[in-house]
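Have a look at the structure below before the remarks.
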Amino acid sequence: MITLNQLPAVKAEMLIRKPPEVVFDSFIYPEITNKFWFTKGSDILEEGKRIRWDWKMYGVWDEILVKRIEKNKNIIVESSDGTTIEWIFTSRGKDETLVTIINSGFKGSGDEVVNQAIDSMGGYTMVLCGLKAFLEHNILLNLIGDKAPDANINNR
């Protein structure tokens, strides 16, 4: 039996060869974010707003609360399941940004927490890979939709 002494916090990172303001805006404006992550966002991210994100291919959605935004530096939201997602945008010169996504606050049994953390790590890694392909090469990889083709309601 494994005992968790500390709840996991997932961290995914990727260097994106674009300026911080371009990378930051990719998560603020849903018409950009839907190119590499969710299919629809109800509004732009602003502090204090509740925003709905839809993944139409799976017939699911989440409502998030925007807790904090520091332009071109940081975004913190709380998901409907109570987890916290933080994006950190670190400039690496004028044309490079290290994006760090930290997801924490998983709840449930030890097995459930570990499974949520593993799923989160894979998901946010794919989001960052999709972002990189889109911003650096203008390629839409459809990673999120293709991850679970049998769950995609459009493929049934």
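Counting along the sequence shown from 1, when you hit position 131 you're at 138 in this note's numbering, and nothing is skipped either side. Here a beta-carbon is modelled for each residue, glycine too, at the ideal position from N, C-alpha and C. Note that the structure is a prediction, hence the values are computed from the model and not measured.
Q13 counts as exposed, since fewer than 16 other C-beta atoms from the protein chains shown sit within 10 angstroms of its C-beta. Contact annotation: G48 and P37 have beta-carbon atoms nearer than 8 Å.
K101 counts as exposed, since fewer than 16 other C-beta atoms from the protein chains shown sit within 10 angstroms of its C-beta.
Only residues of its own chain outside the window of five on either side were considered, and among them F141 and L147 have a CB closer than 7 Å to the CB of K42, listed in chain order. Between the segment 25-35 and the segment 116-126, the count of C-beta pairs closer than 8 Å stays below three; the two stretches do not touch. Distance from the CA atom of S33 to the CA atom of M64, rounded to whole angstroms, is 21 Å.
Between N81 and V17, the C-beta gap is not smaller than 8 Å, which leaves the two residues out of contact.
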